[in-house]
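Enquirer: Following this message is one structure expressed as structure tokens.
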Amino acid sequence: MSTNPTKISGAADMPLGLTRMNFISDQEVRWCPGCGDYSILFQVQTVMPKLNIPREKIVFVSGIGCSSRFPYYMNTYGFHGIHGRAPTIASGIKIANPELSVWLVTGDGDGLSIGGNHIVHAMRRNLDMNILLFNNRIYGLTKGQYSPTSEYGKKTKSSPYGTVEHPINPISLAIASEATFIARSVDIDTKHLSATIERAAYHKGMSFVEIFQNCNIFNDGAFKEFTEKEVRSDRILPLEHGKPMIFGKEKNKGIRLNGLKPEVVTLGENGISTSDLLVHNEEDLDPTLAYMLSQLPFPEFPVPIGVFRRVTKPCYEDSVLEQIDGAVAKKGRGDLEKLMNSGDTWVVEEF
Amino acid sequence: MSATDTLENTKTNVQEVESVTIRFAGDSGDGMQLTGTQFTNTAAVIGNDISTFPDYPAEIRAPAGSLPGVSGFQLNFSSVDIRTPGDAPNVLIAMNPAALKVNLPDLEEGGLLIVNTNEFIKANFDKAGYTSNPLEDGSLAGYRVVAIPITDMTMNALAQVPMTKRNKERCKNFFALGVVFCLYDRPLEPTIEWINDKFEKKHPEVAEANRLVLKAGFDYADTAEIFSTHYKVRKAHLPPGKYRKITGNEATALGFVTAAQLAGRPLFYGTYPITPASDILHELSLLKSFGVKTFQAEDEIAAIGAAIGASFAGHIGLTGTSGPGVALKSEAIGLAVMTELPVVIVDVQRGGPSTGLPTKTEQADLLQAMYGRNSECPVAVLAPSTPGDCFHMAIEAVRLAIKFMTPVFFLSDGYIANGAEPWKVPPMNELPDLSFQFVTDPEGFFPYKRDPETLSRPWAIPGTPGLTHRIGGLEKQHITGNVNYDPANHDFMVRLRAEKIANIANFIPEAEVFGAPEGDLLVIGWGGTYGAITTAVETLQHQGQRISSCHLQYLNPLPRNLGDIMANFKRVAVAELNLGQLCMVLRAKYLVDVISINKVAGQPFKVKELVNRFQGLL
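If you want it as structure tokens, here you go:
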């Protein structure tokens with residue numbers, strides 16, 4: 006894959022010959038039948054063998070919620086943490102052993118509500134790990150309360166009159182939090198999902214992937230307005246690096262900038278050609294356009310999926326090791342006896 | 004020839020004293036902590052025993068001259084073994100009226116009072132609430148007042164130095180220090196060396212100014228003969244060996260890095276800045292050449308979460324905070340109990356509840372450490388008793404955490420964290436061996452299969468082939484570690500986790516009695532009250548009273564022999580800086596009518612007040 010420039014943490018040099026089956030744990034999967042999580046689990050287990058990382062060098066970490074049961078089902082090391090705190094545990098693991106491939110599975114409640122603080126700071130530190138945020142816009146495990154991504158006015162068990170809260174936008178948050186790889190995919194678009202997960206894995210630095218995931222019990226059809234087969238191509242904008250932003254069944258619609266405002270245009274109308282369209286540049290150091298894409302209002306605009314942003318910055322754990330190596334190079338490896346005897350010392354003689 | 008000998012030749016009136024307590028007091032911007040520290044270092048280096056008590060406000064710079072802005076540093080230096088910074092200062096240096104007002108009540112009767120007269124002006128009297136000048140209204144008649152225009156003399160000493168007036172004025176604490184050095188015939192060299200180290204390279208003019216002012220203070224006191232008597236405090240007869248001055252927080256940092264080295268694994272310190280624990284972070288962040296990784300987290304929860312993650316991945320996971328931070332970490336401590344991972348939680352206790360008294364000391368987090376979590380959630384709890392003991396108990400905390408795969412609380416407090424004492428550097432060969440092996444053999448591996456002796460589960464870290472497993476906060480099935488909701492299994496596991504911690508009692512030293520093993524009164528203490536309790540008990544023992552003490556470093560589980568020790572005394576009391584927390588634990592566990600002696604003033608016990616309280620029980 007041309008977008009896999011770096012060696013991935015923990016990857017072996019020789020082919021390991023792993024298959025999807027190697028990544029299925031002996032635990033019975035206990036999500037509701039029909040849950041979008043099954044598809045995501047399948048795709049993750051499909052991507053894993055391609056990364057050629059020995060199973061023991063992979064750690065899945067989660068918080069609390071339906072999505073957070075994920076580690077139990079992966080035949081790797083796993084840590085099912087406490088609500089919202091998975092980024093903290095994952096950070097500790099990665100800093101302690103940068104050779105591990107660390108995956109964080111969270112949801113809209115776990116990652117954006119109770120764990121909102123941690124996810125922001127984990128992203129800005131740019132640890133080389135992968136966050137998969139399953140966004141179903143509802144609290145499933147607690148049986149149907151609104152979440153921080155629920156639409157304004159949504160009626161749920163805890164908002165019988167409709168929520169009076171404005172939703173948070175996970176992609177916008179990730180951009181503001183300086184994650185270096187930011188993408189979005191959909192549970193039922195399996196090909197896109199597995200390709201996105203794979204690209205996230207190969208990114209050196211913090212990867213944040215928002216996955217629209219259907220909760221068929223408490224929020225069924227939350228994304229169907231743009232994910233149903235019949236409407237999908239007209240209402241989804243697949244972002245592709247270096248390519249003009251084109252969508253539609255006929256591939257005749259596009260996004261153009263009019264001043265600072267984006268607008269939907271039809272190719273061939275009023276002399277508009279592909280050269281008038283915005284060309285997606287996921288490597289743009291300026292996050293302005295990525296942010297604009299994350300904020301495109303639906304249904305006036307299609308919903309962008311794919312990689313919004315992919316930039317390079319030093320990774321936290323590498324910098325930590327550099328400082329340690331630098332200190333050792335300068336002062337030599339720490340000498341405990343010398344340290345204990347440092348400062349002003351004096352000797353008391355026998356008397 | 005020592006400086007003392009020189010002094011004896013030139014001064015006629017030299018009095019030898021056993022120990023002296025000095026308190027430097029001024030505005031929080033006056034540099035009193037630095038002044039006190041410099042005097043302490045010098046006393047330590049020339050061989051006195053020392054004990055210090057920095058007492059400063061939570062505000063970084065409260066309004067100048069105001070009562071809340073007063074910062075104090077008390078130190079006791081001695082030719083005999085001392086355990087406390089002293090009850091009542093023999094000498095008070097008051098840099099302004101507010102400092103005088105706040106500290107005068109503590110000065111001993113007839114004590115020496117050095118004041119900076121330049122600050123004794125109407126505006127400052129108003130701020131301090133004086134209606135008249137205390138230097139003139141006779142209210143200080145009971146003290147030996149030495150009035151010095153310290154600010155003027157500092158400015159004069161620096162007349163030729165090209166510096167701003169403001170910067171010159173800031174040197175006045177070193178004038179006061181020079182004066183006190185002269186009074187006690189201390190050499191200036193250690194302080195001059197410190198000035199050189201600190202300023203010579205980057206700010207040579209500041210170095211020069213401080214040297215000049217320090218010498219000016221000394222020379223002024225010497226030539227103007229402002230003191231009719233000079234005092235001599237001989238070297239203390241400490242056990243032979245190499246010493247350094249150490250604060251509790253320094254010893255804590257040193258102890259944990261030592262423990263990690265002894266265990267052969269890197270130390271991971273996850274923390275969030277909080278008074279009075281932040282110095283541990285400052286110390287550890289310097290020790291990169293030891294492989295120490297410090298993680299200044301976004302909050303207290305992240306700090307322990309990362310420490311738990313690092314521990315899962317095979318580092319020595321440590322987090323440090325004060326009481327309010329422990330409250331935030333509680334859920335994560337429960338996670339470490341459930342996942343049975345080693346993690347040490349340093350709690351440098353301060354006055355509470357809530358934000359409370361951030362810079363003042365208290366011991367009121369004991370019950371929080373023991374019980375402050377949901378459900379049955381036992382952890383080991385240790386408490387160092389002196390600044391130097393922080394080093395040894397840090398090693399103990401790590402030893403127990405990794406041997407028993409459990410969170411361990413390390414209950415320090417503001418008093419010993421900031422206080423200093425001479426610390427005998429232990430020879431390397433006297434340090435315990437903490438080496439251990441991670442589990443690597445897949446044969447018969449189960450994540451919750453226990454060692455029959457310690458009941459601890461195997462520590463198998465990610466990266467180990469053949470041992471992939473999942474842990475988490477949900478209840479575990481015995482042996483397999485699988486998620487399990489079976490009632491009988493839960494009952495079994497709750498009891499097993501409790502038994503694992505209780506069993507630690509078989510792996511810690513027994514408690515020791517200070518004094519006779521039987522008598523009329525046994526005083527039990529823990530943590531930073533060691534110095535005051537032991538000194539008070541010793542005082543009464545010298546008076547022939549049948550009193551002993553027992554200071555606990557292990558609070559959960561308690562030493563095996565504690566019940567037997569208590570049974571040999573007519574009465575048992577616990578002295579602690581809370582409303583009777585250890586007292587409650589002992590009453591519940593041993594059904595003994597333990598008496599509570601307590602205080603929650605944000606201040607340590609004074610020896611005198613304990614002597615009085617103990618006497619009332621004899």
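Protein chains in written order, with the working numbering: chain A, 6 to 356; chain B, 4 to 621. Beta carbons are placed, not taken as given, at the ideal position from N, Cα and C, and that holds for glycine.
Between B:Pro-381 and B:Ile-511, is the Cβ-Cβ spacing less than 9 Å?
Expert: no
Enquirer: Please classify B:Asp-84: is it buried, with 16 or more other beta-carbons within 10 angstroms of its beta-carbon, or exposed?
Expert: exposed
Enquirer: Using the Cα positions of A:Ser-7 and A:Thr-51, report the straight-line distance between them to the nearest angstrom.
Expert: For A:Ser-7, the predicted structure reports a pLDDT of 41, less than 50, and the residue's modelled location is therefore unreliable. A value from the coordinates is still provided. Taken atom to atom, the span from the alpha-carbon of A:Ser-7 to that of A:Thr-51 is near 19 Å.
Enquirer: Buried or exposed for B:Tyr-374, please, with buried defined as at least 16 other CB atoms from any protein chain shown within 10 angstroms of its CB.
Expert: Exposed: under 16 other Cβ atoms inside 10 Å.
Enquirer: Relative to the alpha-carbon of B:Ala-239, which residue among A:Thr-161, A:Glu-354, A:Glu-287, A:Thr-154 has its alpha-carbon at the smallest distance?
Expert: Closest by alpha carbon: A:Glu-354.
Enquirer: Please check the pair B:Phe-27 and B:Thr-55, which I expect to be a contact at CB under 8 Å, by giving their CB distance rounded to whole angstroms.
Expert: Actually they are not in contact, since the Cβ atoms of B:Phe-27 and B:Thr-55 sit about 11 Å apart, beyond 8 Å.
Enquirer: To which residues of the same chain is A:Leu-117 closer than 6 Å at the C-beta, ignoring the five residues directly before and after it?
Expert: Pro-153, Ile-173
Enquirer: From the beta carbon of B:Asp-302, is the nearest beta carbon of chain A less than 9 Å away?
Expert: yes
Enquirer: Rounded C-beta distance between A:His-246 and A:Glu-287? I'm assuming under 8 Å.
Expert: A Cβ-Cβ separation of about 5 Å places A:His-246 in contact with A:Glu-287 under the 8 Å criterion.
Enquirer: Taking 9 Å as the CB-CB limit, is B:Arg-473 close to chain A?
Expert: yes
Enquirer: Please report the residue range of the alpha helix (DSSP H) in which A:Leu-178 lies.
Expert: 175–181
Enquirer: Cα separation between A:Lys-62 and B:Gly-320?
Expert: 20 Å
Enquirer: Below 8 Å on the Cβ atoms is my contact criterion, and I expect B:Pro-410 with B:Ala-339 to pass it. Report the Cβ-Cβ distance as a whole number of Å.
Expert: With 8 Å as the limit, B:Pro-410 and B:Ala-339 qualify as a contact, their Cβ atoms being about 4 Å apart.
Enquirer: Report the residue from A:Leu-298, A:Tyr-78, A:Arg-25, A:Asp-18 whose alpha carbon sits nearest the alpha carbon of A:Asp-42.
Expert: When each option's Cα is compared against that of A:Asp-42, the closest is A:Tyr-78.
Enquirer: Near B:Tyr-272, which residues of its chain fall below 6 Å by C-beta distance, leaving aside the five closest residues on each side in sequence?
Expert: Annotation for B:Tyr-272: Leu-287, Thr-297, Leu-321 place their beta carbon closer than 6 Å to its own, counting only its chain and skipping 5 residues before and after.
Enquirer: Express the C-alpha separation of B:Thr-24 and B:Asp-368 in angstroms, rounding to a whole number.
Expert: 30 Å
Enquirer: Apart from the five residues on each side of it in sequence, which residues of its chain come closer than 7 Å, Cβ to Cβ, to B:Ala-539?
Expert: Val-610, Leu-613, Val-614, Phe-617
Enquirer: Taking Cβ positions only, does A:Arg-338 come closer than 9 Å to chain B?
Expert: yes
Enquirer: Measuring straight from C-alpha to C-alpha, what distance separates B:Ala-6 and B:Arg-237?
Expert: Because B:Ala-6 sits at a pLDDT of 37, beneath the cut-off of 50, its placement in the model cannot be relied upon, and the point is left open.
Enquirer: Is the stretch 230–238 of chain A touching the stretch 80–92 of chain A in the sense that three or more CB pairs, one from each, lie closer than 8 Å?
Expert: no
Enquirer: Measure the alpha-carbon distance for B:Glu-446 versus B:His-481 and round it to whole angstroms.
Expert: 18 Å
Enquirer: Along the chain, which unbroken stretches of the alpha helix (DSSP H) at least 4 residues long are found entirely within the stretch 83–126 of chain B?
Expert: 100–106
Enquirer: Apart from the five residues on each side of it in sequence, which residues of its chain come closer than 6 Å, Cβ to Cβ, to A:Phe-228?
Expert: Phe-217
Enquirer: B:Ser-325 versus chain A: which residues are under 8 Å apart at the beta carbon?
Expert: Simply none; closest approach about 19 Å.
Enquirer: Let me check understanding here. Comparing Cα to Cα, which of A:Met-128, A:Gly-167, A:Ala-200 lies closest to A:Pro-357?
Expert: Summary: the structure shown does not reach residue 357 of chain A, with chain A confined to residues 6 through 356, and so no result is reported for it.
Enquirer: Please report the residue range of the beta strand (DSSP E) in which B:Ile-504 lies.
Expert: No beta strand (DSSP E) contains B:Ile-504, which is instead part of the alpha helix (DSSP H) from 490–505.
Enquirer: Since B:Arg-247 meets chain A, which of its residues come closer than 9 Å, beta carbon to beta carbon?
Expert: Met-345, Asn-346, Ser-347, Gly-348, Asp-349, Thr-350, Trp-351
Enquirer: Can you list, in chain order, the residues of its chain with a C-beta nearer than 8 Å to that of B:Val-428? Leave out the 5 residues immediately preceding and following it.
Expert: Gly-244, Lys-245, Tyr-246, Arg-247
Enquirer: For B:Gly-355, which residues from the same chain have a beta carbon less than 8 Å from its beta carbon, with the 5 sequence-adjacent residues on both sides left out?
Expert: Gly-326, Pro-327, Glu-365, Ala-367, Asp-368
Enquirer: Take B:Ile-283 as the anchor and find which of B:Glu-301, B:Thr-250, B:Gly-267 has the nearest alpha-carbon.
Expert: B:Thr-250
Enquirer: Near A:Thr-111, what residues of its chain come up, given a Cβ to Cβ distance below 6 Å and the 5 sequence neighbours on each side ignored?
Expert: Gly-68, Ala-91, Leu-138
Enquirer: Using the three-state DSSP reduction, which class does B:His-285 fall into: helix, strand or coil?
Expert: helix
Enquirer: Considering only C-alpha positions, which residue in the set B:Ser-357, B:Tyr-488, B:Phe-413 is nearest to B:Ala-280?
Expert: It is B:Phe-413 whose Cα lies nearest to the Cα of B:Ala-280.
Enquirer: Under three-state DSSP, which class holds B:Ala-47?
Expert: In this structure, DSSP gives B:Ala-47 a helical state, which the three-state scheme calls helix.
Enquirer: Taking all protein chains shown into account, do 16 or more other C-beta atoms lie within 10 angstroms of the C-beta of A:Thr-279, making it buried, or fewer, making it exposed?
Expert: exposed
Enquirer: Three or more beta-carbon pairs under 8 Å between the stretch 541–550 of chain B and the stretch 589–605 of chain B, yes or no?
Expert: Segments in contact, no.
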